[in-house]
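When we follow full-length UniProt numbering, the leftmost residue of the sequence shown carries the number 38, and every step to the right adds one.
All C-beta atoms, glycine included, are put in the ideal place defined by N, C-alpha and C.
Remember, predicted model here, so these are calculated numbers, not experimental data.
A quick write-up on the structure given underneath.
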Amino acid sequence: NMSTNKTRDIDYQIHSQADLRFHESTGSIVMTKGDGIYVIDEQGNRYIEGMAGLWCTGLGFSEPRLAQAAYDQMMTLPQYHTFGNKAHNKCIDLAEKLVQVMPTCGKSPLNKVYFGSGGGDSNDTAIKIIWNYFNAIGKPEKKKLIGRVRGYHGSTVVTTSIGAQPGMHQPFDCPYGDRFVHTNVPHHYTFGKDGETEEDFATRMADDLEKLILAEGPDTVAAMFAEPLQGAGGVVIPPATYWEKMQTVLEKYNVMLVSDEVITGFARTGNMWGCETYGMRPDLLTCAKQLSSGYLPISAVVVGQHVYDAIADFSQKNGVFGHGYTYSGHPVSAAVALETIQIYEERDIVNSVRALSVPFVNGLTDLLDHPLVGEARGVGLVGVVQLIADKETKKAFHPSVKAGMKVFTACEEHGLIPRVTPPGDRLAFCPPMIITEEEIKDMLGRFRKALDSVEPALRA
Ligand code: PLP
Numbered sequence: 038n039m040s041t042n043k044t045r046d047i048d049y050q051i052h053s054q055a056d057l058r059f060h061e062s063t064g065s066i067v068m069t070k071g072d073g074i075y076v077i078d079e080q081g082n083r084y085i086e087g088m089a090g091l092w093c094t095g096l097g098f099s100e101p102r103l104a105q106a107a108y109d110q111m112m113t114l115p116q117y118h119t120f121g122n123k124a125h126n127k128c129i130d131l132a133e134k135l136v137q138v139m140p141t142c143g144k145s146p147l148n149k150v151y152f153g154s155g156g157g158d159s160n161d162t163a164i165k166i167i168w169n170y171f172n173a174i175g176k177p178e179k180k181k182l183i184g185r186v187r188g189y190h191g192s193t194v195v196t197t198s199i200g201a202q203p204g205m206h207q208p209f210d211c212p213y214g215d216r217f218v219h220t221n222v223p224h225h226y227t228f229g230k231d232g233e234t235e236e237d238f239a240t241r242m243a244d245d246l247e248k249l250i251l252a253e254g255p256d257t258v259a260a261m262f263a264e265p266l267q268g269a270g271g272v273v274i275p276p277a278t279y280w281e282k283m284q285t286v287l288e289k290y291n292v293m294l295v296s297d298e299v300i301t302g303f304a305r306t307g308n309m310w311g312c313e314t315y316g317m318r319p320d321l322l323t324c325a326k327q328l329s330s331g332y333l334p335i336s337a338v339v340v341g342q343h344v345y346d347a348i349a350d351f352s353q354k355n356g357v358f359g360h361g362y363t364y365s366g367h368p369v370s371a372a373v374a375l376e377t378i379q380i381y382e383e384r385d386i387v388n389s390v391r392a393l394s395v396p397f398v399n400g401l402t403d404l405l406d407h408p409l410v411g412e413a414r415g416v417g418l419v420g421v422v423q424l425i426a427d428k429e430t431k432k433a434f435h436p437s438v439k440a441g442m443k444v445f446t447a448c449e450e451h452g453l454i455p456r457v458t459p460p461g462d463r464l465a466f467c468p469p470m471i472i473t474e475e476e477i478k479d480m481l482g483r484f485r486k487a488l489d490s491v492e493p494a495l496r497a
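Spelled out as structure tokens, the structure:
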């Protein structure tokens, strides 16, 4: 009974990222089952999960091998930890496997892994590692961290401070403290000046970064956190030459680069890692989500030997590496992650995503003929459609129109779940990577129907 569940849901739960009062009036869509790329609600409606849940179920919603891996581990060693001198086989195997699949574009081979339970806590860990590192090499004044407007690195206080998501930042008085500074969102479609090429725009972004570092004082800036493409901030695909230019500036001032691969990791952009797609040279890499196909919580920070050596020396002086989560390297999560990577390898997920990317990106681009679509862009199996009030002038819909939410609701009515992203009129797609070409057509076909159905209301 839908209404019973609706009441129970709202009586007892606080939802994430919701207008809670509005939600009280609408209730929830209560999911009861997953099937491949579909989720099914308690009334039996099937939805294409166009976002793989929250950018995470790469293998879809019914992979029996992951369930089996979890069961087997539960029956063997359901819980253990990695504090002090303790370890267990699954986290040892997973660390080794992760190192094997690390990108080779880092400044030095990424070969030491620290596990956590989610993307946000892995970024928190990365920060402590960075601060430890600069202490260890005698530059303790290097503490500031650069994030980007509309970047997203998690919901902990510190990661909320590095990110700058509208609506997530200010209500909690973030950025907390004076260690967090922000540079621009590199969105050429919206912020490129008249006649400015992507390359020129990228130069301007890099110049702005340099100005920021100089204004803050290069000796005080430790690292930049960046998603290869900004996901939750609106699937902002970096303009041509952006990363090349940005990291030249970072390297000039000895500012580390953290590639936050929580969304882009594990083939999502058509390479195993987003930093490979964009030629980034990270010092640290963080990942989560598709690491276990989202089936169980697990995340990782991976660093190079020079970073590890510095923090190891520092921990020796300090007496301990003063950091640790109960669930670091949780055996059941680790077993599922190991099986997930095994499946990615067996199914050659990178080449499979590259092949599927052709109909996916072409299908998105085809939507550009729709009067409501201003920008439509994708890479690998992640993409975005920006709604626009006037294509010629690029005039956006007024926020009070709630264009994104209206299209989103229409999508749900057509059995499709995309995601509304900032600034409120960008609809993101990040389907399970097991999607077929036919299903991609179906997904984007449903989206077009949803656009058609709301157009009259948006124009009214
Ligand atoms: N980093 C990025 C790029 C993300 O997209 C997310 C979540 O969407 C996070 C970090 C935070 O991950 P979690 O929600 O697992 O803490």
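Residue i CB to nearest heavy atom of the ligand PLP below 7 Å
i: glutamate 86; result: no
i: asparagine 160; result: yes
i: histidine 296; result: As written in the sequence, residue 296 is serine, which differs from the histidine given in the question. False, no ligand heavy atom lies under 7 Å from that Cβ.
i: alanine 337; result: no
i: histidine 190; result: yes
i: tryptophan 92; result: yes
i: glycine 157; result: yes
i: alanine 277; result: no
i: glycine 268; result: yes
i: glutamate 429; result: no
i: alanine 465; result: no
i: alanine 259; result: no
i: alanine 325; result: yes
i: glutamate 376; result: no
i: isoleucine 51; result: no
i: isoleucine 300; result: yes
i: glutamate 236; result: no
Residue i - DSSP class collapsed to helix/strand/coil
i: isoleucine 166; result: helix
i: glutamate 492; result: helix
i: asparagine 38; result: Confidence in asparagine 38 is poor, its pLDDT being 38 and thus under 50, which makes the residue's placement unreliable; the coordinate value appears in the next sentence. Of the three classes helix, strand and coil, the one that applies to asparagine 38 here is coil, per DSSP.
i: threonine 119; result: coil
i: valine 138; result: helix
i: residue 498; result: Here the chain has residues from 38 to 497 only, and residue 498 is not among them.
i: glutamine 110; result: helix
i: histidine 219; result: strand
i: valine 422; result: strand
i: cysteine 448; result: helix
i: lysine 181; result: strand
i: tyrosine 362; result: coil
i: residue 498; result: Residue 498 lies beyond the residue range present for the chain, which begins at 38 and ends at 497; the question has no answer from this structure.
i: isoleucine 77; result: strand
i: methionine 205; result: coil
i: threonine 402; result: helix
Residue i vs residue j beta-carbon contact at 8 Å
i: asparagine 160; j: histidine 190; result: yes
i: glycine 188; j: glutamate 264; result: yes
i: residue 10; j: phenylalanine 152; result: With the chain covering only 38 through 497, there is no way to say anything about residue 10.
i: glycine 270; j: glutamine 202; result: yes
i: isoleucine 471; j: glycine 97; result: yes
i: methionine 317; j: valine 387; result: no
i: leucine 453; j: arginine 483; result: yes
i: glycine 184; j: histidine 225; result: no
i: valine 422; j: alanine 413; result: yes
i: glutamate 298; j: leucine 322; result: yes
i: histidine 367; j: leucine 488; result: no
i: valine 410; j: alanine 447; result: no
i: histidine 343; j: threonine 162; result: no
i: lysine 326; j: glycine 156; result: yes
i: serine 365; j: histidine 118; result: yes
i: glycine 307; j: serine 296; result: no
Nearest neighbour of residue i, chosen from the options [CA to CA]
i: glutamate 450; options: Glu61, Asp46, Ser370 and Glu86; result: Glu86
i: alanine 243; options: Trp280, Val395 and Lys127; result: Trp280
i: leucine 328; options: Lys230, Gly95, Leu251 and Glu61; result: Gly95
i: valine 395; options: Ile477, Asp297, Val67 and Thr257; result: Ile477
i: alanine 433; options: Leu495, Ala55 and Phe171; result: Leu495
i: methionine 88; options: Val457, Glu474 and Lys486; result: Val457
i: glycine 417; options: Pro212, Leu91, Thr402 and Val398; result: Val398
i: threonine 240; options: Lys179, Asn169, Met283 and Pro368; result: Met283
i: isoleucine 250; options: Tyr213, Asp237, Ser437 and Tyr290; result: Tyr290
i: leucine 147; options: Asp46, Thr197, Val340 and His407; result: Val340
i: lysine 70; options: Gly90, Glu253, Val444 and Lys134; result: Gly90
i: proline 177; options: Gln50, Ala259 and Leu401; result: Ala259
i: glutamate 429; options: Val273, Lys439, Tyr213 and Leu405; result: Leu405
i: proline 459; options: Ile380, Lys439, Glu133 and Pro468; result: Lys439
i: glutamine 80; options: Gly73, Ser198 and Ile66; result: Ile66
Below-8 Å beta-carbon distance, residue i vs any chain B residue
i: leucine 266; result: Among the chains of the structure shown, chain B does not appear; only one protein chain is present.
Closer than 7 Å: residue i CB and nearest the ligand COA heavy atom
i: asparagine 221; result: Questions concerning the ligand COA fall outside what the structure shown contains, since the ligands it does hold are the ligand PLP.
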